[in-house]
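Data first, discussion second: the structure below is written as structure tokens.
Numbering (our numbering), first residue to last: 1220 to 1674.
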């Protein structure tokens, strides 16, 4: 196998000698055939992340199809569309990147939502050739609006618009100006913060890795240069501890350090887990103290949100997969009580709730209607949930909240949910893990919707 890489022109960057930053996980999204896969292929080729034999595999009769670097499924190659999320990796002198190429078809919106839920940034592509670019009041595509709204709802920290295929229009500068203005107006009306709007040609490589001067009336940084400046998603470390138990190790191989007690493994959702912390176990409401914390390689120490840990408690309690270990906080109601005694001095930082107000991105073929019962996955626990009422549906064109009694496929709306048993939830804009869950159809077992808990 050849290990030669594709040669490309060297590019200069003001940040070339800055310290290496944390890896950035980003997705490309937008409407069908906007050039998402081609853009990623261009990034991989121009950053020399493609081997010579890989490049030969996407070249036929002298023509190179960059989209084939990400569209690996046979159905994708046959139809020329992206169906599933494809992840690719590349790095520069400044940073490492993990890219998720998401589908543009409405039918596969669930795949896009899955990738966006863990992304640090999103590039929403806009195909200039599909728009009435000569009209200053042009209409954006519905899927462009939908994906931008979903990215914003999923709390993806950074959104970048990339206006593609400007090389295929007569007046790139006029087209970019009109499209950029309409994107800015839409973002302002929707309350979306946009990091940058960049004109690109994924096919020819303009403004993707290297900035192309005096093109489309744009003098800003290239798309890659913008990506270098975007922050990685900070973990929710400043909040009280919440830890979903994924696995219970009954007979620990590290029994010398754990004194034979069970170890509860999982990934810290929010906060920090450390020895000596008093915790409540949900849903049993038992209390205990953390005796020891092990990291992912079984070394003792403190572990912060976003990382895996093993927790050993000071006493044996009934804890199973799906339970939550949450910090105890001071109870403001801890004052002299009635004849039964005083109120407890502490309470769980995250108390269980059954009634939820939520924003739901509906992805099932069957509409969401009041009265339907689904399975909800929250952390590692499965709970039955009933759709009590559809409050309204969001019109993605006008951004107005419209009265509705159902959510059709790919609709976004406000729904009241009732859980069969309490769960430690929080508003999604406060804590991503605690404030999110998925709904699964009890009959087909298909993912039906993404739930974002409202304040």
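Beta carbons: idealized from backbone N, C-alpha and C, even for Gly.
On a predicted model such as this, the values are computed, not experimentally measured, just so you know.
Would you list the one or two residues that DSSP bridges to residue i?
i: residue 1656; result: 1670
i: residue 1410; result: Answer by DSSP bridge pairing: none, since residue 1410 is not bridged.
i: residue 1543; result: 1463 and 1501
i: residue 1597; result: 1600
i: residue 1340; result: 1245 and 1377
i: residue 1444; result: The partner list for residue 1444 (beta bridge, DSSP) is empty, contrary to what the question assumes.
i: residue 1418; result: 1382
i: residue 1309; result: 1316
i: residue 1167; result: Since the first and last residues shown for the chain are 1220 and 1674, residue 1167 lies out of range.
i: residue 1483; result: 1467 and 1530
i: residue 1588; result: 1625
i: residue 1567; result: 1547
i: residue 1523; result: 1491
i: residue 1638; result: 1604
i: residue 1333; result: In DSSP, residue 1333 forms no bridge with anything.
So for residue i, helix, strand or coil by DSSP?
i: residue 1259; result: helix
i: residue 1661; result: coil
i: residue 1555; result: Any reading at residue 1555 is ruled out, since the residue's pLDDT is 49, under 50, leaving its predicted position unreliable.
i: residue 1294; result: Confidence is the limiting factor: at residue 1294 the pLDDT is only 38, short of 50, which leaves the residue's position unreliable, though a coordinate-based value still follows. Three-state result, residue 1294: helix.
i: residue 1633; result: strand
i: residue 1386; result: helix
i: residue 1300; result: Because residue 1300 sits at a pLDDT of 42, beneath the cut-off of 50, its placement in the model cannot be relied upon, and the point is left open.
i: residue 1615; result: coil
i: residue 1469; result: coil
i: residue 1536; result: coil
i: residue 1456; result: coil
i: residue 1376; result: coil
i: residue 1321; result: coil
i: residue 1605; result: strand
i: residue 1264; result: helix
i: residue 1528; result: strand
i: residue 1347; result: helix
i: residue 1696; result: Lying before the first or after the last residue shown, residue 1696 is absent from the chain, which here runs from 1220 to 1674.
i: residue 1560; result: Any reading at residue 1560 is ruled out, since the residue's pLDDT is 48, under 50, leaving its predicted position unreliable.
i: residue 1511; result: strand
i: residue 1572; result: strand
i: residue 1402; result: helix
i: residue 1651; result: coil
i: residue 1393; result: helix
i: residue 1580; result: strand
i: residue 1645; result: coil
By a C-beta neighbour count over all protein chains shown, 10 Å radius and 16 as the cutoff for buried, is residue i buried or exposed?
i: residue 1508; result: exposed
i: residue 1592; result: exposed
i: residue 1491; result: buried
i: residue 1407; result: exposed
i: residue 1569; result: buried
i: residue 1584; result: exposed
i: residue 1424; result: buried
i: residue 1552; result: exposed
i: residue 1580; result: buried
i: residue 1412; result: exposed
i: residue 1588; result: exposed
i: residue 1534; result: exposed
i: residue 1648; result: exposed
i: residue 1515; result: exposed
i: residue 1383; result: buried
i: residue 1365; result: buried
i: residue 1661; result: exposed
i: residue 1556; result: In this predicted model, residue 1556 has a pLDDT of only 47, less than 50, meaning its place in the structure is not dependable; the value taken from the coordinates is given anyway. Exposed: under 16 other Cβ atoms inside 10 Å.
i: residue 1670; result: buried
i: residue 1495; result: exposed
i: residue 1306; result: exposed
i: residue 1249; result: buried
i: residue 1218; result: Since the first and last residues shown for the chain are 1220 and 1674, residue 1218 lies out of range.
i: residue 1453; result: exposed
i: residue 1437; result: buried
With 7 Å as the threshold, decide whether the Cβ of residue i is near any Cβ in chain B.
i: residue 1449; result: Checking the listed chains, one finds no chain B in this structure; it contains a single protein chain.
Hey, would you say the C-beta of residue i is under 6 Å away from at least one heavy atom of the ligand ATP?
i: residue 1500; result: Inclusion of the ligand ATP in the displayed structure is not the case, the ligand content being empty and no account of it being possible.
* **Three or more C-beta pairs below 8 Å linking the region 1530 to 1545 and the region 1592 to 1608** => Below 8 Å, enough C-beta pairs join the region 1530 to 1545 and the region 1592 to 1608 to call them touching: three or more.
* Are there three or more Cβ pairs, one per stretch, closer than 8 Å when the region 1458 to 1469 is compared with the region 1604 to 1618? -> Contact between the region 1458 to 1469 and the region 1604 to 1618 is absent, because fewer than three Cβ pairs lie under 8 Å.
* Say whether the region 1562 to 1576 touches the region 1514 to 1527, bearing in mind that this needs 3 or more beta-carbon pairs closer than 8 Å, one atom from each stretch. => Result no; under three Cβ-Cβ pairs closer than 8 Å.
* Pair every Cβ in the region 1343 to 1350 with every Cβ in the region 1396 to 1407, then say whether three or more of these pairs are closer than 8 Å. => By the Cβ criterion, the region 1343 to 1350 is in contact with the region 1396 to 1407, since at least three pairs of Cβ atoms, one from each stretch, lie closer than 8 Å.
* To do: Mind the definition here: the region 1637 to 1656 touches the region 1480 to 1496 only if three or more C-beta pairs lie below 8 Å; say whether that holds.
  => Verdict: yes, contact present.
* How about the region 1522 to 1539 and the region 1655 to 1672: do they share at least three Cβ pairs that are nearer than 8 Å? -> Result no; under three Cβ-Cβ pairs closer than 8 Å.
* To do: Flag this pair as touching only if the region 1409 to 1428 and the region 1259 to 1266 have three or more C-beta atom pairs under 8 Å; answer yes or no.
  => Of all C-beta pairs linking the region 1409 to 1428 to the region 1259 to 1266, three or more are shorter than 8 Å, placing the two stretches in contact.
* **the region 1332 to 1339 contacting the region 1368 to 1383, beta-carbon criterion three pairs below 8 Å** => Contact between the region 1332 to 1339 and the region 1368 to 1383 is present, because at least three Cβ pairs lie under 8 Å.
* **contact_flag[the region 1427 to 1437, the region 1496 to 1515] where n(CB pairs < 8 Å) is 3 or more** => Judged by Cβ distances under 8 Å, the region 1427 to 1437 makes no contact with the region 1496 to 1515, as fewer than three pairs qualify.
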